[in-house]
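In what follows, a structure is listed as structure tokens, so that the remarks can point back to it.
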Amino acid sequence: GDGFFHNNIFWPADHTKRMIELYRSRYAHYGHGTPEQAIVGLGGQVFMRKNSQDAVREFRPYFDNAPVYGHGPSLEDFTDQTPLTVGSPQQVIEKTLAFRSYAGDYQRQLFLMDHAGLPLKTVLEQLDMLGEEVVPVLREEFAEDRPAGVPDAPTHTSLLAAKDTPEVTV
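Going by this note's numbering, the sequence shown opens with residue 9, and the numbers climb by one from there.
Rendered as structure tokens:
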């Protein structure tokens, strides 16, 4: 019944969907609850600037020269085929919300921010944009659209409370 995290960084949507469906089916099979109640987290990677043209222009040299990205698909193909989002904060929000089209509702979103050899100053700017412009909107949208019966993400406080509550057995 532990949660499942799919790194979702280099994988196409159909692979991620299969892995999440497998986890959710096994979660239900072993009596932990319905498939929708399984705790799922996804990864993603982003590079943002106020407008998408600046983001693409600034990130492209890092993408093209990074051992993990470079010499493979183009930046445009890679962003089409994987969760990598290079663009404006609004584009990051839209693409991240669209993950639900293949992953279903999920509780955790982790972002890779320090990839491709980005300088620390740039990474810190990215974190500020993420925290100020992206995360508040994602939290609101995920909470608003969460189907009934899908649990909230566990927190440290909720896990401690559950630990201190004896299980009732029948």
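For every residue, glycine included, the Cβ atom is placed at its ideal position computed from N, Cα and C.
- Taking a 10 Å sphere around the C-beta of His164, we find fewer than 16 other C-beta atoms and assign the residue as exposed.
- Under the three-state reduction of DSSP, Val76 is assigned to coil, being neither helix nor strand.
- Judged by pairs of C-beta atoms under 8 Å, the region 21-40 does not touch the region 72-83, as fewer than three such pairs exist.
- In this structure, the alpha-carbon of Asp153 lies about 10 Å from that of Leu105.
- Counting along the chain, the unbroken alpha helix (DSSP H) around Gln99 starts and ends at Pro97 to Ala106.
- In the DSSP annotation of this structure, the continuous segment of the beta strand (DSSP E) that includes Met56 starts and ends at Val48 to Met56.
- Burial is judged here by how many other beta carbons sit within 10 angstroms of a residue's own beta carbon; His123 has at least 16 and is buried.
- For Phe13, the uninterrupted beta strand (DSSP E) run begins and ends at Phe12 to His14, by DSSP.
- For Gln115, the three-state secondary structure derived from DSSP is coil.
- Between the alpha carbons of Phe55 and Met27 lies a distance of about 26 Å.
- Distance from the Cα of Trp19 is smallest, within the candidate group Asp62, Val64, Pro69 and Pro91, for Pro91.
- In the same chain as Gly157, and ignoring 5 residues on each side of it, the C-beta atoms closer than 6 Å to its own belong to Glu44, in chain order.
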